[in-house]
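S.K.: Respectively, the protein sequence lines represent chains A and B.
In this text, residue positions in the first sequence follow the working numbering: the first is 6, and each later residue adds one.
In this text, residue positions in the second sequence follow the working numbering: the first is 2, and each later residue adds one.
Yeah, the Cβ is synthetic: ideal placement off N, Cα and C, and Gly gets one too.
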Amino acid sequence: GENVEQHPSTLSVQEGDSAVIKCTYSDSASNYFPWYKQELGKGPQLIIDIRSNVGEKKDQRIAVTLNKTAKHFSLHITETQPEDSAVYFCAAITLGDSSYKLIFGSGTRLLVRP
Amino acid sequence: GAVVSQHPSWVICKSGTSVKIECRSLDFQATTMFWYRQFPKQSLMLMATSNEGSKATYEQGVEKDKFLINHASLTLSTLTVTSAHPEDSSFYICSAPGTGSLINYGYTFGSGTRLTVV
Chain A
6 GENVEQHPST LSVQEGDSAV IKCTYSDSAS NYFPWYKQEL GKGPQLIIDI RSNVGEKKDQ
66 RIAVTLNKTA KHFSLHITET QPEDSAVYFC AAITLGDSSY KLIFGSGTRL LVRP
Chain B
2 GAVVSQHPSW VICKSGTSVK IECRSLDFQA TTMFWYRQFP KQSLMLMATS NEGSKATYEQ
62 GVEKDKFLIN HASLTLSTLT VTSAHPEDSS FYICSAPGTG SLINYGYTFG SGTRLTVV
């Protein structure tokens with residue numbers, strides 16, 4: 006089955022700096038890679054996703070890159086702000102697979118220092 | 002977009018009692034609902050997959066008699082923690098995949114339920 010590894014587990018950056026979180030996956034059949042932001046006491050919120058037919062996707066200060074050959078994908082947050090502080094999870098899934106199970110990484114706790 | 006409403010947001014119950022958590026898809030039909038459990042500072046652990054009109058599929062190590070899942074309609078799935086004990090205290094979250102025109106919304110999560118068993 007799929008296995009997703011995420012690094013780092015914690016990340017502290019100065020406001021305005023960039024933050025990068027990396028994930029690797031094991032199942033080459035995975036074709037959908039979402040990123041979620043979870044604030045304390047709340048459910049995860051989808052912030053960006055990428056499908057296997059593209060290598061990069063950007064939405065304002067957030068971007069995701071995908072390297073299918075190496076089976077890794079990364080989240081990039083530029084011009085970080087204190088409100089970006091949260092736990093971020095990557096995930097992988099094979100859309101169209103009957104199991105439809107989202108496999109999550111272990112999470113990265115991002116702290117943006119003002 | 003796709004919205005999943007989860008209730009209650011938090012509940013405190015006495016040991017030995019049962020607690021029901023509800024998840025409703027508000028603007029789409031959720032034929033499948035995933036139930037996750039999350040311990041403090043840990044990732045989401047998939048407990049079970051519920052499918053409308055059929056029995057839920059439980060992940061290895063999850064007691065199906067303890068965590069009863071019912072998915073009686075296309076918009077409602079429930080998780081009942083039976084005979085709760087302090088070790089069942091956790092954050093429970095449901096999630097439904099978008100379908101049809103909402104498929105590009107990916108998986109939508111409920112807001113979570115903080116269960117504390119005393």
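What residues in its chain sit with their C-beta under 8 Å from that of Val119 (chain B), if we drop five residues either side in the sequence?
M.R.: Start at 1 with the first residue of the second sequence, and residue 119 (chain B) comes out as number 118. Taken in chain order, the residues that qualify are Ile13, Cys14, Lys15, Ser16 and Pro87.
S.K.: Nearest to Cys24 (chain B) by alpha carbon, out of B:Val63, B:Leu47, B:Pro41 and B:Ile70?
M.R.: Position 23 of the second sequence, counted from the start, is the residue given in the question as residue 24 (chain B). Comparing Cα positions, the closest option is B:Ile70.
S.K.: Could you tell me which residues DSSP pairs with Ile70 (chain B) in its beta bridges?
M.R.: Translated into the one-based positions of the second sequence, residue 70 (chain B) becomes position 69. B:Leu80.
S.K.: Considering only DSSP beta bridges, list what Phe92 (chain B) is partnered with.
M.R.: Numbered from its first residue, the second sequence carries residue 92 (chain B) at position 91. According to DSSP, which records beta bridges pairwise, Phe92 (chain B) is partnered with B:Gln39 and B:Arg115.
S.K.: Give me the subset of the region 44-60 of chain A whose CB atoms are less than 8 Å from a CB atom of chain B, sorted by chain position.
M.R.: The residues in question are Gly46, Lys47, Gly48, Pro49, Gln50, Leu51 and Asp54.
S.K.: Considering only DSSP beta bridges, list what Arg25 (chain B) is partnered with.
M.R.: In the second sequence, counting from the first residue as 1, residue 25 (chain B) sits at position 24. Answer by DSSP bridge pairing, in chain order: B:Ser6 and B:Leu77.
S.K.: With 9 Å as the threshold, decide whether the Cβ of Tyr108 (chain B) is near any Cβ in chain A.
M.R.: Here the question's residue 108 (chain B) lines up with position 107 in the second sequence. Closer than 9 Å to some Cβ of chain A, the Cβ of Tyr108 (chain B) qualifies, so yes.
S.K.: Starting from Ala91 (chain A) and walking both ways along the beta strand (DSSP E), at which residues does that stretch end?
M.R.: In the first sequence, residue 91 (chain A) corresponds to position 86, counting from 1. Its beta strand (DSSP E) spans residues Ala91 to Ala97.
S.K.: Between the C-alpha atoms of Arg114 (chain A) and Gln43 (chain A), what's the straight-line distance to the nearest angstrom?
M.R.: Reading the first sequence from its first residue, position 109 is the one you call residue 114 (chain A). Reading the first sequence from its first residue, position 38 is the one you call residue 43 (chain A). Using only the alpha carbons, I get a separation of about 9 Å.
S.K.: For Ser17 (chain A), which residues from the same chain have a beta carbon less than 6 Å from its beta carbon, with the 5 sequence-adjacent residues on both sides left out?
M.R.: Here residue 17 (chain A) refers to the residue found at position 12 when the first sequence is read from its first residue. Result list for Ser17 (chain A): Leu116, in chain order.
S.K.: Is Phe78 (chain A) close to chain B? Criterion is C-beta to C-beta, closer than 9 Å.
M.R.: Translated into positions along the first sequence, residue 78 (chain A) becomes position 73. No, no contact with chain B.
S.K.: What's the call for Gly54 (chain B), buried or exposed, on a 16-neighbour Cβ count within 10 Å?
M.R.: As a first step, residue 54 (chain B) must be located in the second sequence, where it is residue number 53. Exposed, because fewer than 16 other Cβ atoms sit within 10 Å of the Cβ of Gly54 (chain B).
S.K.: Using a Cβ-Cβ distance cut-off of 9 Å, determine whether Ser91 (chain B) contacts chain A.
M.R.: Here the question's residue 91 (chain B) lines up with position 90 in the second sequence. It does not: the Cβ of Ser91 (chain B) has no partner Cβ on chain A nearer than 9 Å.
S.K.: In chain A, which residues lie with their C-beta within 8 Å of the C-beta of Ile94 (chain B)?
M.R.: Position 93 of the second sequence, counted from the first residue, corresponds to residue 94 (chain B). Ordered by position in chain A, the residues that pass the 8 Å Cβ test against Ile94 (chain B) are Gly48 and Pro49.
S.K.: Under 8 Å Cβ-Cβ, which residues of chain A neighbour Arg115 (chain B)?
M.R.: Start at 1 with the first residue of the second sequence, and residue 115 (chain B) comes out as number 114. In chain order: Gly46.
S.K.: Output yes if chain B places a C-beta closer than 9 Å to the C-beta of Ser17 (chain A); else output no.
M.R.: Taking the first residue of the first sequence as 1, we reach residue 17 (chain A) at position 12. For Ser17 (chain A), the answer is no, since every Cβ of chain B falls outside 9 Å of its Cβ.
S.K.: Here's a check: name, in chain order, each residue in its chain whose Cβ is nearer than 7 Å to the Cβ of Pro125 (chain A), leaving out the five neighbours to either side.
M.R.: No answer is possible for residue 125 (chain A): it lies beyond the span of chain A, which begins at 6 and ends at 119.
S.K.: Could you round the C-beta distance between Thr58 (chain B) and Pro98 (chain B) to whole angstroms and report it? I think they count as a contact, below 8 Å.
M.R.: Taking the second sequence and counting its residues from 1, the one referred to as residue 58 (chain B) is at position 57. Taking the second sequence and counting its residues from 1, the one referred to as residue 98 (chain B) is at position 97. Actually they are not in contact, since the Cβ atoms of Thr58 (chain B) and Pro98 (chain B) sit about 15 Å apart, beyond 8 Å.
S.K.: State the Cα-Cα distance for the pair Gln30 (chain B) and Gly113 (chain B), rounded to the nearest angstrom.
M.R.: To locate residue 30 (chain B), count along the second sequence from 1; it is residue 29. To locate residue 113 (chain B), count along the second sequence from 1; it is residue 112. So the two alpha carbons sit approximately 19 Å from each other.
S.K.: Using 10 angstroms around the beta-carbon of Pro41 (chain B), count the other beta-carbons present and answer buried if the total reaches 16, otherwise exposed.
M.R.: For this step, residue 41 (chain B) is matched to residue 40 along the second sequence. By the neighbour-count rule (16 or more Cβ atoms within 10 Å), Pro41 (chain B) is not buried but exposed.
S.K.: Along chain A, which residues have their Cβ under 9 Å away from the Cβ of Gly111 (chain B)?
M.R.: In the second sequence, the residue the question calls residue 111 (chain B) occupies position 110. Here the neighbours are Gly48.
S.K.: Taking the alpha-carbon of Glu84 (chain A) as reference, which of A:Gly48, A:Lys76 and A:Glu20 has the nearest alpha-carbon?
M.R.: Working through the first sequence from its first residue, we reach residue 84 (chain A) at position 79. The residue with the shortest Cα to Cα distance from Glu84 (chain A) is A:Glu20.
S.K.: From the DSSP output, read off the bridge partner residues of Asn72 (chain A).
M.R.: Walking along the first sequence from the start, residue 72 (chain A) turns up at place 67. Answer by DSSP bridge pairing, in chain order: A:His77.
S.K.: Since Ile82 (chain A) and Ser23 (chain A) are thought to touch, with beta carbons under 8 Å apart, how far apart are those beta carbons, to the nearest angstrom?
M.R.: Taking the first residue of the first sequence as 1, we reach residue 82 (chain A) at position 77. Taking the first residue of the first sequence as 1, we reach residue 23 (chain A) at position 18. Sure, about 7 Å apart at Cβ, within 8 Å.
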